[in-house]
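Be aware that the sequence shown starts at 1, since it is given in full-length UniProt numbering, and climbs by one per residue.
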Amino acid sequence: MKNLIFLHINTGGKELSHEELEEAKEFLKSKQVKQMIHKTEESHRRVMESKITDRTVM
């Protein structure tokens, strides 16, 4: 099963041109974005494993 990721691109009310939309799609498929997602998932996993959350009292 694939994880779904929703993304909002804040354009400040401006409509993206076809070229700008294609550029955004290519960026989302890039290795850089995949690495950012992987790092975020790993960080989240470590936090959940340690059970340290914003509700933990130290």
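Each residue gets a CB set at the ideal place from its N, CA and C atoms; glycine is no exception.
In the DSSP annotation of this structure, I9 is not part of any alpha helix (DSSP H), being labelled neither H nor E.
Between the C-alpha atoms of Q32 and K39 there is a straight-line separation of about 11 Å. The closest CA to that of N3, considering only E41, G13, A24, Q35, is found on E41.
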